[in-house]
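K.L.:
Per the numbering used here, residue 7 is the first one in the sequence shown, and the count goes up by one each step.
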Amino acid sequence: MDLYDAIARRRDTRAEFTGPPQPDILERVLGAAHRAPSVGMSQPWVFVTVRDPGTLRAFHAHVETERQVFASSLEGERAETFSRIKVEGIVESGLGVVVGYDPTTAGQQVLGRHAIADTGLYSVCLAIQNLWLAATAEGLGVGWVSFYREEFLRDLVGFPKHVRPVAWLCVGEVDALPDVPDLERFGWRGRSPLSAVVHDERYGVT
Ligand SMILES: Cc1cc2nc3c(=O)[nH]c(=O)nc-3n(C[C@H](O)[C@H](O)[C@H](O)COP(=O)(O)O)c2cc1C
């Protein structure tokens, strides 16, 4: 699969998981994440692989609570549409990769981070995207879950206070990756055209 194929085929995966990935494939995918660019070469990411069924179930129960919190903020058509959308495959995937941001990995003077603290977090997101594309090239599914409170996930996997949870990624084998994003398929929201986001010289000039 070439890179553009992987970019086009990458899909957030929820209902299609059949089980956890083979260990050697997971190793390659984590290796791809670890090769991401990072501000000041700080490599501020940390990955916790979670397979314990009790931990998966505990996280799933927490996510279900947060799903209901969001659902209760919706009305009418939005509430009805959201009720049909699955937001995670935590138990079905059999593997969670919890991604954390550790701002201390490169000491105080991080080259390139002095003016924009968020560059550390950007770096972690690039590692996640590397992981996601590599998993796609390997035929795996990845589902990013963000229906959680950071303190809950920090305690669940034992991150120290200075490590910020960034994502729970369900990673697993799939029967197939969907062609169309679930949010589009269920009528929640579709992808906007490229022309709507590209501006010429100054914002507002398309
Ligand atoms: C930061 C972030 C958080 C997300 N959180 C969730 C989530 O909690 N549950 C979910 O089902 N999808 C989640 N997604 C997936 C998006 O819904 C998905 O990327 C989007 O609908 C586009 O679909 P695609 O990734 O298949 O192209 C998240 C994606 C990102 C980047």
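Backbone N, C-alpha and C fix where the C-beta goes; we use that ideal spot for every residue, glycine too.
Just to confirm the assignment, what range does the beta strand (DSSP E) spanning L175 have?
P.N.:
The residue you call residue 175 lines up with position 169 of the sequence shown. L175 -> beta strand (DSSP E) spans R170 to V180.
K.L.:
Scan the segment 119 to 167 and note each continuous beta strand (DSSP E) run of 3 residues or more that stays entirely inside, going in chain order.
P.N.:
Within the segment 119 to 167, the complete beta strand (DSSP E) runs of at least 3 residues are 146 to 151.
K.L.:
Take R195 as the anchor and find which of R16, S79 and P187 has the nearest alpha-carbon.
P.N.:
Translated into the one-based positions of the sequence shown, residue 195 becomes position 189. Closest option to R195, Cα to Cα, is P187.
K.L.:
Rounded to a whole number of angstroms, what is the C-alpha to C-alpha distance between H120 and Q114?
P.N.:
Indexing the sequence shown from 1 puts residue 120 at position 114. Indexing the sequence shown from 1 puts residue 114 at position 108. So the alpha carbons of these two residues sit roughly 9 Å apart.
K.L.:
Who pairs with Y107 in a beta bridge, going by DSSP?
P.N.:
The residue labelled residue 107 in the question sits at position 101 within the sequence shown. Note: Y107 sits in a beta bridge opposite W51 and R170.
K.L.:
Assuming G220 is part of the beta strand (DSSP E), what are its boundary residues?
P.N.:
Limits of the chain in this structure are 7 at one end and 212 at the other, which puts residue 220 out of reach.
K.L.:
From which residue to which residue does the alpha helix (DSSP H) around Q74 run?
P.N.:
Numbered from its first residue, the sequence shown carries residue 74 at position 68. Taken as a continuous stretch (DSSP letters only), the alpha helix (DSSP H) holding Q74 covers P59 to A77.
K.L.:
Whose C-beta lies closer than 8 Å to the C-beta of G180 among residues of the same chain, with five residues either side of it excluded?
P.N.:
In the sequence shown, residue 180 corresponds to position 174, counting from 1. The sequence shown places Val at residue 180, not Gly. Contacts found: T19, E22, F23, T24, G145, L146 and G147.
K.L.:
At a cut-off of 8 Å, would you count R17 as near ligand 3, judging by its Cβ distance to the nearest heavy atom?
P.N.:
With respect to small molecules bound, the structure shown includes ligand 1 and not ligand 3.
K.L.:
From what residue to what residue does the alpha helix (DSSP H) around V35 run?
P.N.:
By 1-based counting over the sequence shown, the position of residue 35 is 29. Per DSSP, V35 belongs to the alpha helix (DSSP H) from P29 to H40.
K.L.:
Given 8 Å as the limit, tell me if L189 has its C-beta closer than that to any heavy atom belonging to ligand 1.
P.N.:
Locating residue 189 in the sequence shown gives position 183, where the first residue counts as 1. It does: the Cβ of L189 is within 8 Å (strictly closer) of some heavy atom of ligand 1.
K.L.:
Check whether the segment 50 to 60 and the segment 73 to 90 touch, using three or more Cβ-Cβ pairs below 8 Å as the test.
P.N.:
no
K.L.:
Along the alpha helix (DSSP H) that carries G82, what are the first and last residues, could you check?
P.N.:
Start at 1 with the first residue of the sequence shown, and residue 82 comes out as number 76. G82 to S89 is the span of the alpha helix (DSSP H), which, as asked, contains G82.
K.L.:
Buried or exposed for E157, please, with buried defined as at least 16 other CB atoms from any protein chain shown within 10 angstroms of its CB.
P.N.:
In the sequence shown, counting from the first residue as 1, residue 157 sits at position 151. E157 is exposed by the Cβ-count criterion.
K.L.:
One question on the structure: do V116 and G164 come within less than 9 Å of each other, judged by their Cβ atoms?
P.N.:
Within the sequence shown, residue 116 is the residue found at index 110, counting from 1. Within the sequence shown, residue 164 is the residue found at index 158, counting from 1. The answer is no: Cβ separation not under 9 Å.
K.L.:
By how many angstroms is the C-alpha of A143 removed from the C-alpha of Q49?
P.N.:
Stepping through the sequence shown from its first residue, residue 49 is reached at position 43. Stepping through the sequence shown from its first residue, residue 143 is reached at position 137. So the alpha carbons of these two residues sit roughly 23 Å apart.
K.L.:
Is the Cβ-Cβ distance between A182 and S152 less than 9 Å?
P.N.:
Stepping through the sequence shown from its first residue, residue 182 is reached at position 176. Stepping through the sequence shown from its first residue, residue 152 is reached at position 146. It is not a contact, given that the beta carbons lie outside the stated cut-off.
K.L.:
Hey, quick one: how far does the alpha helix (DSSP H) through D11 stretch, first residue to last?
P.N.:
The count along the sequence shown starts at 1 and reaches residue 11 at position 5. L9 to R15 is the span of the alpha helix (DSSP H), which, as asked, contains D11.
K.L.:
Between the beta-carbon of L101 and the beta-carbon of A39, is there less than 9 Å?
P.N.:
One-based indexing of the sequence shown puts residue 101 at position 95. One-based indexing of the sequence shown puts residue 39 at position 33. Contact: no.
K.L.:
Check whether chain C comes within 9 Å of G193, counting only Cβ atoms and requiring the distance to be less than that.
P.N.:
This model lacks chain C altogether; it includes just one protein chain.
K.L.:
Provide the residue(s) that pair with G102 in DSSP beta bridges, ordered along the chain.
P.N.:
As a first step, residue 102 must be located in the sequence shown, where it is residue number 96. Paired residue(s): V56 and C176.
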